[in-house]
Every structure is written in structure tokens, then in C-alpha cells.
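Protein chains in written order, with my numbering: chain D, 1 to 415; chain G, 416 to 752.
Idealized CB from N, CA, C, for every residue including glycine.
Here's the structure, in C-alpha cells; my notes come after.
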Ligand SMILES: Cc1ncc(C[n+]2csc(CCOP(=O)(O)OP(=O)(O)O)c2C)c(N)n1
Ligand SMILES: [Mg+2]
């Protein structure tokens with residue numbers, strides 16, 4: 001049998017640090033805020049300056065909004081953004097605790113990534129259709145989804161819009177123009193392109209936006225999305241949330257070692273923006289740019305949001321097994337909530353006291369919402385949907401064998 | 416001999432395989448440094464090196480495709496698909512390519528690949544962490560499809576699969592990873608420590624693919640099943656007092672028809688059971704073969720016990736799961752017919 005040498009010529013990407021080692025983010029270059037230029041949103045894709053290796057940042061170290069991407073967003077809007085991001089974080093903390101009490105089977109937090117979804121939702125119109133992954137709960141919160149409804153879904157109870165069929169965090173909210181979330185990675189992105197093609201076909205000026213993680217860009221569906229978006233110049237925003245990790249594999253395993261995720265757009269002729277995902281103003285400005293372009297039929301935009309997954313992948317995961325515990329503290333782009341808060345304080349539109357008060361109000365609201373949600377049951381206790389409902393919605397009308405199987409299930413329980 | 420749960424048994428099989436053949440390598444999502452989301456490959460990268468056990472991009476189609484290329488290059492890839500529910504992006508590479516490479520090249524090329532994937536419900540995984548897609552693969556010519564029900568078989572069958580020169584779909588009932596499961600979620604979880612099949616030899620051994628096992632001899636009827644339901648079937652016999660002969664198929668393709676038919680011809684009654692949905696499930700194939708070979712021996716219609724024809728619903732997991740009740744009812748119907 002031929003033997004393989006100890007050292008092979010096969011390249012295997014490795015993260016900078018593992019548990020027990022010093023966190024190292026030296027690969028992340030952090031340019032000054034305001035440095036990146038802002039082309040006209042309707043610029044010809046071939047003339048587009050390369051922003052796929054840049055990092056669009058608005059908030060500088062003095063917490064001021066600077067540069068061409070700082071486009072005069074009102075203090076009221078910023079305060080609203082702060083509130084929605086904090087609501088998202090408090091919501092996550094609450095549901096995480098409830099999961100630990102055994103009342104939810106599973107939960108996914110978005111801690112540290114709140115700006116990516118909240119700022120984007122605020123920069124879009126309510127008629128624009130959103131295709132999120134499981135880590136954009138901020139979109140639902142920013143679009144004003146009822147917290148009780150969101151919790152009821154996670155509890156799989158009698159008020160769950162998904163009727164107990166999905167794991168927690170796989171929300172569905174048609175009235176809010178947000179698509180039902182899939183557990184199968186990446187599937188939503190080409191679907192967002194298709195929705196956008198539909199809007200163009202119907203001569204509407206609605207646009208679509210989809211979100212995938214860094215890890216998910218490896219799936220074929222990511223590339224299908226880029227191909228179709230480019231070919232049909234679909235009015236769509238394709239967001240890559242690069243939070244550095246995909247469960248235990250770092251972004252290099254998805255191909256981030258040799259090019260940025262934004263650079264994927266180039267080969268398809270799709271303008272790409274690489275954005276500081278923890279800078280609320282930058283995410284907002286980049287989304288506005290892409291939305292303006294799409295709405296005027298200027299075509300698709302790819303946005304890479306550079307951020308960091310502060311918490312475990314999910315409640316089933318323990319990151320201390322694969323990355324240094326202190327990595328979150330070493331992350332060079334800070335925390336989106338802290339940064340927006342500091343900016344509002346800097347411009348004289350906010351105070352520590354107001355912030356504490358807002359936090360208290362949100363926490364109370366969350367507490368009350370959860371109490372109400374539980375009255376509709378939890379996964380194992382309280383009121384439950386009739387079990388026979390599981391045979392509904394396979395088709396518009398159940399088929400004869402569904403009716404038979406439903407009766408058989410009831411019989412099982414009557415014995 | 417060491418007592419092992421199914422995860423440790425699978426780990427041991429891969430350890431042996433990597434140790435004995437430098438051309439064997441393991442690839443999949445999160446299998447490297449972390450050792451897999453179910454820990455099946457824990458410690459193997461450390462022991463054998465970065466290039467022998469490594470993480471892949473999240474692209475199931477890509478994983479299987481490059482593993483085909485590696486196989487053609489003379490390697491023996493062992494692929495992990497994180498959940499069977501996520502194999503679908505790879506289906507084109509598996510069905511149109513992997514399964515037919517030997518055939519379409521007139522036997523010139525072959526790919527000795529094993530594709531491991533956790534399957535089945537019982538962990539509150541909802542519709543995307545619970546599926547049993549074996550019927551999709553058994554319907555494709557050129558794939559072997561196997562599914563062990565205990566640690567001893569898991570290790571022996573995985574070594575057989577890895578050493579096999581043909582592609583093997585290796586399904587792992589994840590509800591059995593840590594212990595046998597009789598279908599009652601309210602009982603405290605059992606472990607493999609008390610179970611005879613948790614005794615796993617440390618070194619190399621194989622359990623042949625294509626050999627079923629009679630796990631309970633009986634006279635009243637033949638209950639044919641595999642995976643998680645093997646343990647449910649044993650408990651159902653215990654609970655009902657029905658003296659069924661329980662056959663654990665272990666391998667669906669190749670199928671041990673000799674063992675099945677000898678038993679059914681003797682008992683004259685058969686029930687087939689699987690967790691997968693009913694319509695076009697592997698049970699349909701079993702029933703067809705039984706009527707072909709045993710029609711004149713049958714005293715009653717062959718019964719099927721299966722999951723319902725719906726996606727696996729999160730909140731109704733235990734209403735979906737074919738537990739003891741459903742199994743006993745089917746056995747009674749067969750006996751009373
Ligand atoms: C098709 C498919 N393959 C594998 C998985 C299992 N899985 C769930 S999340 C995940 C990591 C995704 O990472 P990334 O895209 O970076 O998103 P993040 O979780 O960081 O937000 C994996 C591998 C899946 N859900 N779907
Ligand atoms: Mg990620």
C-alpha cells in the first residue's frame with residue numbers, strides 16, 4: 001500500500017486562534033470612518049469603484065458620523081434604531097433563559113449582530129419583501145411584529161403562526177412581508193431574487209432582500225442567487241452576514257481566506273459593498289444605497305456585513321470547544337448598541353439615564369409579553385393545538401390518505 | 416472489548432479505518448477540530464492530522480462532488496453530512512454521478528465512498544432535523560443503503576462500508592446515539608452501558624452489509640424493521656405479550672431476503688415498520704417482496720407501521736413517531752385478520 005507523507009501538499013485553512021490561545025483579529029483591517037467613497041446609486045456597474053475590499057464605516061472613534069455615507073439620518077430615527085436593537089437583544093436574552101428552563105426546544109441569539117437586521121429593515125419600505133435566515137429576528141422586531149406572537153411561535157403553542165410545525169426561531173409573518181424561514185441553509189437567497197423578478201415583471205417598485213451567513217455562501221444556492229440576480233438585473237439586495245463563524249468553522253473554511261465575501265459579486269457584475277456591520281449608520285446607509293439602486297431598476301447589490309457572532313451558534317452549541325473564550329472582547333468593531341448609544345450621547349440626543357430608563361421599559365414589556373405568551377401554552381404544558389392539525393396544510397385540501405391517517409392517530413389516543 | 420455508545424463506536428470505527436489505510440480520510444461540516452456536531456469524529460483530527468480529517472465549506476453538493484474526485488484519485492473518502500435532512504443539495508452528485516460511475520464507465524472507474532448521516536426523529540428537531548430519507552437512496556441503483564441499530568453493529572458495519580469498493584449511504588439513527596429508545600419519551604433516557612450490544616471490540620471487526628439479524632425469535636408473526644424502531648418493536652412485544660419474531664434488517668440494499676422470507680413463511684404473518692413517511696417508503700418494497708415470495712404462506716394482509724405522510728412536525732413529534740401503540744395495533748390487526 002502506498003504511504004502518504006506526514007506533510008501533504010493539500011492546503012487546509014486554519015483560524016488564527018483556538019481555545020487557550022490569544023484571540024487574533026489582525027487580518028481585519030479597520031480603516032478610518034468616512035474613508036470609503038459613495039458613488040451614485042445608479043452608477044453603471046462597470047464604473048463602480050471597488051468597495052468590495054473596503055469597509056464602509058460612518059461612526060468614527062469620537063462617535064461622530066462622518067464621510068459621504070453619513071447621510072443625515074434624524075435623531076428620532078437613530079433613537080428608534082437604538083430601541084429596536086436593544087429590544088432584539090433583550091428578546092434574545094429572555095428566550096435564551098426560557099430555553100434553559102426547558103420551555104423551548106432550541107434557540108438562536110443574534111447578539112452583536114442586531115444592527116445588520118434592524119438598520120436594514122429601517123432603510124427599506126414596508127412593501128419590500130424580506131427573506132431572512134434564522135439569525136435576523138431583528139427584521140421582525142424592526143417591522144413591528146408583535147413580541148407575543150414571536151414568542152408564541154418559539155413556544156410552539158396554540159398561537160404559533162407556524163402551527164407547531166417548525167423549530168423555534170423559524171418565524172413566518174406574511175402580513176409583515178417576511179418569508180417563512182427555512183432551516184436548510186441558503187435556499188432563501190435565490191428565492192428573494194425570484195420575488196424581485198416577480199415585482200419587476202408586475203412593474204411594481206417593491207424590492208426584495210435576502211440574508212445568508214458567511215458559511216452559507218458556499219452553498220450552490222448562493223451562487224444561483226448571484227447568477228439570476230445578474231442575468232435579470234433583479235431589484236434585490238443580497239446580504240452576507242459575515243459573523244466570522246459557521247458553527248465551529250471560521251470564515252476561511254467558506255473561502256474568506258483569499259477574497260472577501262463582497263468580492264464574490266465582481267465576477268457576476270454585481271456592485272458590492274463591504275460594510276462595518278456593527279455600525280448602525282453604515283448598514284442603514286448601504287441598504288439605502290442598494291434599495292435606491294434596485295427601486296430605480298439599477299439592478300442588484302451584494303452587501304457583506306462584517307460582524308461577529310458573540311454568542312454560541314445556538315443553544316445546542318458550546319463555542320469554548322473551538323474558539324478562544326475572549327474572542328468577543330477582542331473583536332475590533334465593537335458592539336452595535338454601544339456604538340449607536342455613544343453616538344447619540346455625543347450629538348446631545350441621548351443620555352445614560354434615558355438609556356437605563358429605556359432598558360427598564362423594554363425589560364418590563366418583555367416580561368409582560370412572555371407572561372402573556374405562556375398563557376397560550378408551551379411545548380410541553382398548557383393548551384395545545386389539536387394533534388390532528390398536523391395533517392392540514394400538507395396540501396390546500398387533505399388527500400384521502402391524510403384523512404385516514406388522521407383518524408388512525410385519533411384512534412391511537414382513544415385506546 | 417469496551418462499553419461504547421453509538422457515537423464512540425462510530426468514532427472507533429473511523430479511528431481503525433484511518434489507522435489502517437493512509438488513503439482513508441474524513442471530510443464534512445464541523446468534523447475537524449471540533450469533531451462533529453454529534454462528536455462522532457472527536458479527537459481524530461488531532462490523532463491523524465489536519466489533512467486526514469478536515470472541515471469543509473457548507474456545500475453538501477460540493478462535498479460529495481469533491482469526494483467523488485478524491486475517490487477517483489485513489490482515496491477512500493468518508494463523508495459526514497451533518498443531518499440527513501441536509502443531503503438534498505448533494506442528491507444530483509449522489510444519484511446521477513456517485514451511483515453510476517462504475518456502470519457508465521463499464522467498470523473502469525469506481526468510487527469507494529461512505530456517506531454518513533444522522534437520521535430520524537426523537538430529538539425535537541422539527542422538520543429539518545428528523546427525516547429518514549432512506550427510501551430516496553434505496554430507489555437509486557448503485558448505492559448500498561444501511562442503517563445500524565446499536566453500537567456493535569454501527570462499528571462493524573461502518574468498517575464494512577468504508578472497506579467496500581462501492582458507495583454506501585450509512586444512516587445513523589441519532590435518537591440511538593446515546594442509548595436504546597423504546598419509543599416512550601417520558602421514560603428516563605437509557606444508556607448503552609447496560610446493553611449487550613454496547614460491548615464493542617476495540618480493534619478491527621466487520622459486520623457484513625446485507626445480513627439481517629433476528630433480534631427476537633418468535634412464532635406469532637414476523638415484525639421487520641430497522642434503526643430506532645428495532646427497540647420500539649422489542650418493547651412492543653414485551654408490552655403486548657405478542658410473540659413476534661423481530662428482524663433488524665441492518666441493510667436495506669443489499670437486502671437479506673433469505674432471513675425475511677424464511678421467517679414469514681414460517682409465521683404466515685408480517686408487519687413492516689419504519690419511521691419514514693408511508694407513501695413510497697421502503698416498507699412498500701418489503702411488502703411487495705413478501706407477497707412475491709410468501710403469498711401462499713400468508714394468513715393475513717401485511718401491515719405497515721410508519722410515520723405519517725406529513726413533514727415531521729416539531730410540536731407533534733410524538734404523535735408522528737410510530738411508537739409502541741401504533742405497532743401493537745398493527746400486530747393485533749395482523750393476528751386477528
Ligand atoms: C443545507 C444545510 N446544511 C447544513 C446545515 C447545518 N447548519 C445549520 S447552521 C450552520 C452554520 C451556518 O453558518 P453561517 O452561514 O455562517 O450562519 P450563522 O449561523 O453564522 O449565522 C450549519 C452548518 C443546514 N442547516 N442546512
Ligand atoms: Mg456565520
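For chain D, find out if any of its Cβ atoms is closer than 8 Å to the Cβ of residue i; answer yes or no.
i                     : result
residue 602 (chain G) : no
residue 741 (chain G) : yes
residue 539 (chain G) : yes
residue 580 (chain G) : no
residue 730 (chain G) : yes
residue 592 (chain G) : no
residue 744 (chain G) : yes
residue 452 (chain G) : yes
residue 527 (chain G) : no
residue 736 (chain G) : no
residue 596 (chain G) : no
residue 749 (chain G) : no
Between the beta-carbon of residue i and the beta-carbon of residue j, is there less than 8 Å?
i                     : j                     : result
residue 534 (chain G) : residue 586 (chain G) : yes
residue 181 (chain D) : residue 207 (chain D) : no
residue 385 (chain D) : residue 103 (chain D) : no
residue 260 (chain D) : residue 278 (chain D) : no
residue 417 (chain D) : residue 373 (chain D) : The requested residue 417 (chain D) is not part of the displayed model; chain D covers only 1 to 415.
residue 590 (chain G) : residue 543 (chain G) : no
residue 631 (chain G) : residue 649 (chain G) : yes
residue 234 (chain D) : residue 196 (chain D) : yes
residue 637 (chain G) : residue 666 (chain G) : no
residue 756 (chain G) : residue 443 (chain G) : Lying before the first or after the last residue shown, residue 756 (chain G) is absent from chain G, which here runs from 416 to 752.
residue 752 (chain G) : residue 716 (chain G) : yes
residue 342 (chain D) : residue 56 (chain D)  : no
Counting only C-beta atoms, is residue i closer than 8 Å to chain G at any point?
i                     : result
residue 409 (chain D) : yes
residue 242 (chain D) : no
residue 381 (chain D) : no
residue 165 (chain D) : yes
residue 156 (chain D) : yes
residue 1 (chain D)   : Residue placement at residue 1 (chain D) is flagged as unreliable, the pLDDT there being 47, under the threshold of 50; the coordinate-derived value follows with that caveat. Yes, residue 1 (chain D) counts as interfacial toward chain G.
residue 264 (chain D) : no
residue 247 (chain D) : yes
What span of residues does the beta strand (DSSP E) with residue i cover, start to end?
i                     : result
residue 667 (chain G) : 666–668
residue 116 (chain D) : Taken as a continuous stretch (DSSP letters only), residue 116 (chain D) belongs to no beta strand (DSSP E), being part of the alpha helix (DSSP H) at 114–123.
residue 56 (chain D)  : 51–56
residue 414 (chain D) : Unbroken run through residue 414 (chain D) is the alpha helix (DSSP H), 400–414; no beta strand (DSSP E).
residue 252 (chain D) : Premise fails: residue 252 (chain D) is in no beta strand (DSSP E) and is neither H nor E.
residue 492 (chain G) : 491–495
residue 485 (chain G) : Residue 485 (chain G) -> not in any beta strand (DSSP E); alpha helix (DSSP H) instead, spanning 475–487.
residue 303 (chain D) : 301–306
residue 640 (chain G) : 636–640
residue 260 (chain D) : From DSSP, residue 260 (chain D) is part of no beta strand (DSSP E); its letter is neither H nor E.
residue 439 (chain G) : 439–443
residue 130 (chain D) : 129–131
residue 274 (chain D) : 272–276
residue 211 (chain D) : 208–213
residue 662 (chain G) : 659–663
Residue i lies in the alpha helix (DSSP H); which residues open and close that run?
i                     : result
residue 502 (chain G) : It is not in any alpha helix (DSSP H) - residue 502 (chain G) carries neither H nor E in the DSSP assignment.
residue 419 (chain D) : The structure shown has nothing for residue 419 (chain D), since chain D only spans 1 to 415.
residue 360 (chain D) : 352–374
residue 517 (chain G) : 516–519
residue 280 (chain D) : 280–295
Below 7 Å between beta carbons is the criterion; list the residues of the stretch 181–197 of chain D that meet it against any residue of chain G, in chain order. 183, 184, 185
To be precise: take each residue of the stretch 320–343 of chain D, compare its Cβ to all Cβ atoms of chain G, and keep it if any distance is under 9 Å. Which residues remain? 321, 322
Alpha helix (DSSP H) runs contained entirely in the stretch 688–739 of chain G, provided each spans 4 or more residues: 697–709, 732–735
Identify each residue in the stretch 461–488 of chain G for which the Cβ-Cβ distance to at least one residue of chain D is less than 9 Å, and report them in chain order. 464, 465, 466, 467, 469, 470, 471, 472, 473, 474, 475, 476, 477
Mind listing, in chain order, the continuous alpha helix (DSSP H) runs of no fewer than 4 residues lying wholly within the stretch 144–191 of chain D? 147–154
Complete beta strand (DSSP E) runs within the stretch 524–611 of chain G (minimum length 3 residues, chain order): 529–534, 559–561, 583–588
Could you name the residues of the stretch 497–509 of chain G whose beta carbon sits closer than 8 Å to any beta carbon of chain D, in the order they occur along the chain? 500, 501, 503, 504
Interfacial residues, the stretch 680–698 of chain G to chain D, with Cβ spacing under 9 Å: 693, 694
Name, going along the chain, the residues of the stretch 535–567 of chain G whose beta-carbon falls closer than 9 Å to a beta-carbon of chain D. 538, 539, 540, 541, 542, 543, 544
Contact list for the stretch 198–224 of chain D against chain G, Cβ threshold 8 Å: 215, 216, 218, 219, 220, 221
Within the stretch 34–107 of chain D, note down every full alpha helix (DSSP H) run reaching 4 residues or more, in order along the chain. 75–100
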